[in-house]
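Peer 1: For the sequence shown, the working numbering assigns the number 18 to the initial residue and increments by one for each residue that follows. No residue lacks a Cβ here, since even glycine has one placed at the ideal position from N, Cα and C. Predicted, not measured: the structure shown is a model, and the values here were computed from it. Supplied in structure tokens, the structure appears directly below.
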Amino acid sequence: DGGRSIPAGFVRLHDAAATGNPAGPPAGDPDAPAAGITLSAIAGTVADNYTSCHATAAQLSALQDWIDLHAPEPTP
Numbered sequence: 018d019g020g021r022s023i024p025a026g027f028v029r030l031h032d033a034a035a036t037g038n039p040a041g042p043p044a045g046d047p048d049a050p051a052a053g054i055t056l057s058a059i060a061g062t063v064a065d066n067y068t069s070c071h072a073t074a075a076q077l078s079a080l081q082d083w084i085d086l087h088a089p090e091p092t093p
């Protein structure tokens with residue numbers, strides 16, 4: 018992690034985006050202390066999020082394929 022500190026504003030923005038609110042809360046005090054979260058922890062969380070996203074996309078694709086096979090043909 019190289020001793021890098023993660024600003025609390027970044028953590029708030031990331032967490033807000035993860036809950037579907039990308040605007041997030043106000044940035045807060047720019048002089049606030051670092052959040053105490055390491056870069057490796059952030060990387061792990063982001064990797065987990067991408068893994069979940071890809072799994073959900075695969076489920077959706079499979080559902081769309083199933084619908085295509087089982088849905089009645091539309092009448093003209």
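If we ignore side chains and look at the alpha-carbon of each, how far apart do N38 and V28 end up?
Peer 2: Approximately 13 Å between the Cα atoms of the pair.
Peer 1: With DSSP collapsed to three states, give me the class of I23.
Peer 2: Coil at I23, not helix or strand.
Peer 1: Between the Cα of A52 and those of A88, L30, A79, L77, spot the shortest distance and give me the residue it belongs to.
Peer 2: Among A88, L30, A79, L77, the Cα nearest to that of A52 belongs to L30.
Peer 1: Could you check the C-alpha separation between L80 and Y67 for me, to the nearest Å?
Peer 2: One C-alpha to the other measures close to 20 Å.
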